[in-house]
Structures are given as structure tokens and as C-alpha cells.
Amino acid sequence: MSTMTPNQPYLLRAFYDWICDNQMTPYIVVDATNELVDVPQEFVKDGQIVLNVSPSACANFNMDLEFLSFQARFGGQPRNISIPCQAIMAIYARENGAGTVFAVEEDMAPEPETQAPEVSEPSRPSGDINDADADSAPVPPKKGKPNLKVIK
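For the sequence shown, the numbering used here gives the first residue as 54, with consecutive numbering after it.
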């Protein structure tokens, strides 16, 4: 059986479009410990950063199968942001928390007999792109085994 490419970049794009199409604000949770992540380190908390990636908050937004890149303001200063797709841990709508948490490659492998270490909950935005949004931003669901919830 041949190896397939990761589905995470495709799902990331789909969730981003879905959140924007519903006039909500997409936020991403990024693993800032990934060596290819280029984000303002002064806003990283517990190895993670939460970013508002709405069209109104980003300039020169580009998302392909390998990287997400854009320009945004942090504390009034323009910054270039570059994030490999595999470093994006979750995407969700700020207004209602709808979105998904992505499984990392190790999570997709067969589980060993030993207990896996617990992963901390993604940190809340601290001085992210839109400081006014930080207080009302929901925390995305805890990382763990994916589950589906039917919403009618």
C-alpha cells in the first residue's frame, strides 16, 4: 500500500473557509516549539500561540499544502508570520469554539502499551493580532482522541 500525503493541510483549508463563510473569526493554535515556526516569541505561552487569522487581521495571506504565511500587527508592529501546516494544532471560530483539533503524526501511529503523557490545554491569546478579541476568545477543546459531535 502506498503512503498518502497528510490530510491536515486540506482539512485546515476546509475549516478556515467554513469558518469565514459563516462570518466568524478563525483562530489557530500553533505549536511554537516547531523549529520552522516564525511567530513573535514574546507572545508564546507554554510553547503555544493562538493567532487570529481572519481576513481582516491578516495581509498577504497564503495557505498551501506545506505552509501558512501572512503579515499581521502585534502591538502595532507589522510582522511576517510563517507556520508549517503540521505545527497547527487546532483551528476554531472565536465566537462559538466550532472547529477541530488536529492529531499529530505520532497520535496516528498504533498506540504503544505505555500511557501517553498528557498534553496541556492550548493557552489563551495574549497580545495576539487583535488585543480586543483576546478576552472573548474561547479556548479550543482539549487535545486528545478526535470525536465527532452532531450539531443540528
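Note that CB positions come from ideal geometry on N, CA and C, so glycine has one too.
Secondary structure at P93: coil, using DSSP grouped into helix, strand and coil.
Here M116 is bridged, per DSSP, to L121. The shortest CA-to-CA distance from W71 to any of V103, I144, F155 is the one to I144.
Bounds of the beta strand (DSSP E) holding A146 are 141 to 146. In the structure shown, Q76 falls within a coil segment according to DSSP collapsed to helix, strand and coil.
Just measuring C-alpha positions, the residue of A156, V103, G128, R132 sitting nearest N113 is R132. When secondary structure is reduced to three states using DSSP, D84 falls in the strand class. Between the segment 75 to 87 and the segment 98 to 117, the count of C-beta pairs closer than 8 Å reaches three or more; the two stretches touch.
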